[in-house]
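With the working numbering, letter number 52 in the sequence shown gets 46, and the count goes up by one each step, no holes. Report on one structure; see the data block that follows.
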Amino acid sequence: MENRRFHRVKFAAPGDLLHLGMTYRSRLENISLRGALISADECIMVPLGDTCILSIHLEEENTPLVLTVEVVHSFFSMVGVKFVSFGEDAESRLFELLKRITSEPDKLMDEWQEILAQGENRPARHSLSSPLT
């Protein structure tokens, strides 16, 4: 059963998935406004429902894109995550990234407008200097 509300865009980028002090060197396989598929060369040992910090290293930017994610699917060296909060300006940076790489810009704009209309139901924002739970 398909639960996605936002289209995914194939996109390869290196990243780090941090969970309880363990860092998994990972690769982004695809991404949307509210989730991503991540792979690694090793088994990712994160239980479903646990939160992690995902840092995506974009080659055209000096600062990684940092998001708090929840693991919603896990299979050996791949995890599907949903975004639960954004660091600093990460949400707008994510939107700008997707604008550059999507083959469906009109669909992306409709999804972005839906997110903006949600107001308080949107994922939280956090400061990189504040503690994350």
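Note that CB positions come from ideal geometry on N, CA and C, so glycine has one too.
Query: The beta strand (DSSP E) enclosing proline 99, as first and last residue numbers; Result: Looking at the DSSP string, proline 99 is not in any beta strand (DSSP E); the run it does join, the alpha helix (DSSP H), is 99 to 112.
Query: Among Phe0, Ile47 and Leu27, the one whose alpha carbon lies nearest that of leucine 12; Result: Ile47
Query: Distance, methionine 16 Cα to phenylalanine 77 Cα; Result: 19 Å
Query: Top-ranked residue by Cα proximity to tryptophan 106, from Asp44, Phe80 and Leu27; Result: Leu27
Query: Top-ranked residue by Cα proximity to leucine 61, from Glu36, Asp10, Arg2 and Arg(-1); Result: Asp10
Query: Three-state secondary structure assigned by DSSP to histidine 1; Result: coil
Query: Segment contact, 8 Å Cβ cut-off, at least three pairs: the segment 49 to 66 with the segment 74 to 91; Result: yes
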